[in-house]
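*Asks:* Residue numbers (full-length UniProt numbering): 1 to 263.
1) In the structure shown, what three-state DSSP assignment does residue 154 receive?
2) Tell me residue 85's beta-bridge partners as DSSP assigns them.
3) Curious, which full-length alpha helix (DSSP H) runs of at least 4 residues does the segment 112-180 contain?
4) What is the residue span of the alpha helix (DSSP H) that residue 209 lies within?
5) Below 9 Å between beta carbons: does that hold for residue 83 and residue 101?
6) Please go through the same chain and pick out, in chain order, the residues whose beta-carbon is closer than 8 Å to the beta-carbon of residue 252, but skip the five residues on each side of it.
7) Going by the CB atoms, is the gap between residue 94 and residue 67 shorter than 9 Å?
8) Does DSSP put residue 245 in a helix, a strand or coil?
9) Could you please give the first and the last residue of the uninterrupted alpha helix (DSSP H) stretch that includes residue 230?
10) Take residue 228 as the anchor and find which of 203, 243, 208 has the nearest alpha-carbon.
11) Looking only at its chain, what residues have a beta carbon closer than 6 Å to the beta carbon of residue 177, apart from the 5 residues adjacent to it on each side?
12) Rounded to a whole number of angstroms, what is the C-alpha to C-alpha distance between residue 116 and residue 44?
13) Buried or exposed, going by whether 16 or more other CB atoms sit within 10 Å of the CB of residue 55?
14) Report, in whole angstroms, the separation of the C-beta atoms of residue 175 and residue 210, which I expect to be a contact under 8 Å.
15) Excluding sequence positions up to five away, which residues of its chain have a Cβ less than 8 Å from the Cβ of residue 142?
16) Among 165, 65, 136, which one has its Cα closest to the Cα of residue 96?
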């Protein structure tokens with residue numbers, strides 16, 4: 001994620017370096033938080049009434065707990081003169097004191113952005129990237145890009161660039177090779193589960209792909225709900241991730257396919 005504080009015309013900086021600072025995740029070490037950020041917050045800057053200095057931390061969820069604790073203290077001390085913007089992908093990796101401050105303080109706000117819809121990603125890829133760059137693609141290749149991106153435009157662009165650089169042709173097979181994800185098969189999943197396991201795919205990746213396919217696969221709503229229910233019962237993160245458990249899940253899904261269709 002890259003923030004650019006520009007005016008409406010997009011050409012001139014909205015804020016001068018004296019009143020705002022932006023740090024990437026590689027810069028957010030403990031010593032940087034303790035020295036650079038703290039020193040910036042301490043600076044005396046003449047601003048109009050109601051204006052504050054701004055510190056933007058990109059991918060704040062990659063910061064260590066120690067660095068976040070130091071940041072929390074700095075936020076508390078200089079909250080009257082400085083505003084902090086923390087951008088992150090996984091908010092649960094932000095320590096509780098900072099989260100609670102954002103939830104219960106009148107000076108803080110939490111903005112959550114939903115994932116992009118597949119058609120939006122497809123339009124952006126087709127109109128602004130594939131055509132302009134003259135990339136050689138197939139329909140199933142673009143669908144695979146969208147599937148692996150999971151609503152993240154940055155991930156879609158990274159996968160598109162990596163596949164084009166590696167193979168020069170963007171189809172589903174090449175995309176899944178680059179992304180190192182198992183191909184989203186459902187009907188033949190039971191036959192290839194052992195092969196996927198032998199290739200080293202993690203149970204989390206396999207279960208995650210099955211779940212994402214279920215949400216968009218053309219089947220009756222009743223059957224889709226039954227599939228999602230069975231997948232939801234899997235306790236992969238709790239250690240129930242053996243090949244036997246995976247085969248058991250696929251067996252239960254197959255039995256659901258044989259059940260009467262109530263659509």
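For glycine and all other residues, C-beta sits at the position ideal for the given N, C-alpha and C.
Please read these numbers as outputs of a predicted model, since none were measured by experiment.
*Replies:* From the atom records:
1) helix
2) 56
3) Fully enclosed alpha helix (DSSP H) runs of 4 or longer: 118-124, 139-149, 153-167, 172-179.
4) 203-216
5) no
6) Once the five neighbours on either side are set aside, the close Cβ partners of residue 252 are 230.
7) no
8) helix
9) 221-232
10) Out of 203, 243, 208, 208 has the C-alpha closest to the C-alpha of residue 228.
11) none
12) 41 Å
13) buried
14) Contact doesn't hold; Cβ gap of about 18 Å is too wide.
15) 122, 125, 126, 130, 170
16) 65
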